[in-house]
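Per this note's numbering, residue 5 is the first one in the sequence shown, and the count goes up by one each step. Just so you know, even glycine gets a beta-carbon here, dropped at the ideal spot from N, CA and C. All values derive from a computational prediction rather than experimental measurement. First comes the structure, then the notes that go with it.
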Amino acid sequence: MTSSATTQNYKKSDDNTHDTGPQFYGHYHHVTAEIPIGGLRTSQKNIVFDPHLSPPSGRVMLKALRKMTTSIAAATASAQAVPHVPIPAKGVDYRNKVVLAPMVRSGELPSRLLALKYGADLVWGPETIDRAIIGATRKVNPRTGLIEFTRLPSNGGRPNVADKESTIYRIDPAREKGKLIYQIGTANPELAVQAARMVAADVDGIDVNSGCPKPFSTSGGMGAALLRTPDLLVSILESLVKEVGEPFQIGISVKIRILAQPEETEALVTRLVKTGITGLTVHCRTTPMRPRERAIRDQLSMVARICHEAGVACLMNGDVTSRDQGLALMSEYGVDGAMIATSAEANSSVFRSEADGGAAPWRDVVYDYMVFCLDSENRLGNTKYLLNMLIPGKVKEFNKAKVAKSYLDICRFLLFEDLLPRAAAVDVILGLQDKWLSPPDENVPAQADSKVDSKSDSKSEAVKSAMTSESARAAGGGATRTKTPSPAVHGGGPIRRTSAPKPKATEAGADQEASASVSEAQPTAQPQAQPQAA
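Listed below in structure tokens is the structure:
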């Protein structure tokens with residue numbers, strides 16, 4: 005260390021009324037020190053006091069010491085800072101984020117908006133199979149302003165099924181801007197690129213699912229099956245980075261599970277971080293493990309280290325139940341982000357920290373969810389699926405909402421009277437008005453609940469049974485099936501094959517169908533000239 009010093013006179017100002025202590029006179033030295041830290045050299049001008057001279061006040065001494073300590077700490081942090089891969093101009097940085105996990109059914113648009121409302125930093129959409137989105141038509145819904153990717157369903161080869169487009173994916177371009185990660189299920193590099201190009205201009209990142217253990221994914225070589233074919237997984241990621249990430253200026257990421265042996269996980273992650281990805285999420289369970297089994301975090305620090313050495317952000321998943329817990333785990337294991345799954349299904353306000361209010365009452369969360377469902381004209385079957393998780397099973401509203409077959413009746417049972425007009429309008433759009441237990445009555449909305457309850461209770465057991473079974477096929481909008489559907493239809497996968505019959509031909513309905521056909525068709529999106537990443 006080298007230094008140079010000059011001596012100057014020092015006198016504490018007499019007009020400092022905030023210090024009533026004694027006045028000191030003396031000398032101090034300005035010392036410019038060149039301090040080698042971590043291979044770097046940093047120059048810092050600090051105050052060093054001569055003990056043989058009269059000392060200045062203790063406050064000035066402490067200020068000088070703090071300044072020196074801060075300078076040294078900053079230099080040390082700079083020397084030890086991990087590299088960061090460049091974040092694309094239209095991509096997102098996964099660091100310091102608590103995010104919503106990709107979940108089939110639970111990751112549809114209303115659920116994502118609900119998570120964002122309560123503080124999620126990013127949201128993953130549900131895994132969508134590559135072939136499901138390839139060939140879809142991109143539309144902008146004139147009523148909602150949402151971007152919708154639709155296609156005609158195959159209907160499993162069944163004849164005489166209503167010829168109506170199915171919505172594969174919905175995006176809110178305003179509320180999800182800068183927040184949405186599209187997860188793709190694929191086992192083919194070429195199909196992965198085709199599928200990703202369909203949505204790349206409307207999302208903020210593409211994530212490859214190589215962690216889902218469900219048969220509908222692994223049976224096609226997708227999801228967790230990719231962990232057994234690392235060469236294929238690497239090829240998929242490299243193709244997406246080169247042919248989608250770079251031209252569209254968005255990041256490519258991957259979600260994996262830990263392998264049985266730490267050495268296997270280490271070898272896999274070491275290969276993946278070299279593909280050009282910007283983020284890697286590790287689910288701290290092996291493929292055979294299920295959510296009820298406790299997450300294994302023994303390998304987490306090792307995965308984080310490998311990612312950081314390559315400049316790739318590392319997120320953790322598995323038994324993360326709240327924002328506060330996620331932040332604590334990030335600090336404990338040295339990861340960059342935390343992903344919440346099942347806890348968010350039960351109450352999305354887990355994304356809100358205790359300092360900001362913590363978890364909200366279930367009724368508040370359900371009200372917000374219903375607003376988002378109505379705003380997006382969400383499929384009733386999907387809405388009821390989430391309500392079964394958001395509404396506590398022991399409250400009376402649970403069973404009432406379970407048997408309802410329309411948005412109007414759900415809002416009646418939940419006493420959301422201010423939502424009744426919107427609910428009725430959405431029912432008409434979706435062709436559910438024939439399912440109403442009674443028509444909307446604007447004159448006596450407050451009495452509607454008691455009337456509905458009375459009418460519901462008076463029904464025969466056979467009718468009640470039919471109503472319950474109806475909820476199981478609500479995704480079909482009430483369409484009657486003539487034979488048992490194939491397992492692919494009921495498998496819970498992201499490909500929607502069922503469709504609702506068209507509403508009755510009324511003048512209003514005709515107008516709505518006409519307006520719905522207004523679209524901004526955009527086949528496979530083409531990349532545009534993008535600005536350089538900052």
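Can you name, in chain order, every residue of its own chain whose Cβ lies under 7 Å from the Cβ of residue i, other than the five neighbours on each side?
i      : result
Thr486 : Low confidence applies here, because Thr486 scores a pLDDT of 36, under 50, leaving its location unreliable; read the following figure in that light. Cβ within range, chain order: n/a, list empty.
Glu270 : Met306 and Ile310
Pro234 : Leu272 and Arg275
Ser239 : Pro193
Arg179 : Leu117 and Leu120
Val277 : Leu284, Ile310, Cys311, Ala314 and Val316
Gly338 : Ser305 and Ala308
Ala299 : Cys288, Arg289, Gly322 and Asp323
Nearest to residue i by CA position, among the options, is which residue?
i      : options                           : result
Val131 : Gly362, Lys439 and Gly215         : The sequence given here has Glu at residue 131, not Val. Out of Gly362, Lys439 and Gly215, Gly215 has the C-alpha closest to the C-alpha of Glu131.
Ala199 : Ala229, Ser243 and Pro292         : Ser243
Asp206 : Ala229, Ala427, Lys406 and Phe153 : Phe153
Ile188 : Arg174, Arg135, Pro217 and Pro146 : Arg135
Leu304 : Arg275, Asp328 and Glu336         : Glu336
Pro92  : Tyr411, Ala119, Val273 and Asp208 : Asp208
Asp328 : Val245, Val354, Val375 and Leu231 : Val354
Arg294 : Arg261, Leu284 and Thr282         : Arg261
Asp211 : Pro219, Gly280, Val407 and Tyr411 : Gly280
Val286 : Val248, Leu231 and Arg155         : Leu231
Leu418 : Gly435, Val399 and Ile433         : Val399
Leu346 : Ser326, Ala364, Ala332 and Glu358 : Residue identity check: residue 346 is Thr in the sequence provided, not Leu. The option with the nearest alpha carbon to Thr346 is Ser326.
Asp125 : Lys168, Asp97 and Ala332          : Asp97
Met107 : Gly129, Gly95 and Pro87           : Gly129
Ile172 : Lys183, Glu267, Met374 and Ala140 : Ala140
Given this structure, state the Cα-to-Cα distance separating residue i from residue j, to the nearest angstrom.
i      : j      : result
Lys439 : Leu117 : 27 Å
Phe252 : Lys409 : 42 Å
Thr190 : Asp445 : 49 Å
Ala105 : Arg416 : 31 Å
Asp360 : Pro157 : 44 Å
Leu424 : Ile133 : 36 Å
Met226 : Tyr186 : 16 Å
Ser352 : Ala119 : 5 Å
Asp422 : Ala229 : 48 Å
Ala350 : Gly362 : 14 Å
Gly143 : Lys168 : Looking at the sequence shown, residue 143 is not Gly but Lys. Rounded to the nearest angstrom, the two C-alpha atoms are 15 Å apart.
Ser170 : Val89  : 38 Å
Ala348 : Pro219 : 24 Å
Tell me which same chain residues have a C-beta within less than 6 Å of the C-beta of residue i, skipping the five on either side of it?
i      : result
Gln437 : Asp431
Leu263 : Thr269
Asp302 : none
Tyr411 : Ala427, Val430 and Asp431
Met334 : Ala342
Gly123 : Phe355 and Arg356
Cys377 : Pro114 and Thr387
Ile175 : Ile151 and Asp206
Val456 : Any reading at Val456 must be qualified, since the residue scores a pLDDT of 37, below 50, and its modelled position is unreliable; the value itself is stated next. The answer, listed in chain order, is Arg416 and Leu441.
Lys404 : Phe417
Suppose the cutoff is 8 Å on Cβ atoms and the five residues either side in sequence are ignored; what does the same chain contact list for residue i look like?
i      : result
Gly177 : In the sequence under discussion, the amino acid at residue 177 is Pro, which differs from the Gly named in the question. Gly149, Leu150, Ile151 and Asp206.
Val248 : Val197, Ala200, Arg201, Ala204, Ile210, Ile254 and Ile256
Val245 : Ile256, Thr279, Gly280 and Ile281
Compare the C-beta of residue i against all C-beta atoms of chain D and say whether one is closer than 9 Å.
i      : result
Ala199 : The structure shown contains no chain D; it is built from a single protein chain.
- Counting only runs that start and end within the segment 259–331, where is the beta strand (DSSP E) found for 3 or more residues in a row? 283–287 and 317–321, all fully within the segment 259–331.
- Any 3 or more C-beta pairs closer than 8 Å across the segment 89–106 and the segment 316–336: Flag = yes, the segment 89–106 and the segment 316–336 touch.
- Is the segment 365–382 touching the segment 392–410, taking contact as three or more C-beta pairs under 8 Å? Put simply, the segment 365–382 touches the segment 392–410. At least three CB pairs are less than 8 Å apart.
- Query: Is there contact between the segment 376–393 and the segment 108–125, where contact requires at least three CB pairs shorter than 8 Å?
  - Reply: In short, these stretches touch, since the Cβ pair count reaches three.
- Ordered list of beta strand (DSSP E) runs contained in the segment 320–385, each at least 3 residues: With a minimum length of 3 residues, the continuous beta strand (DSSP E) runs that stay inside the segment 320–385 are 341–344.
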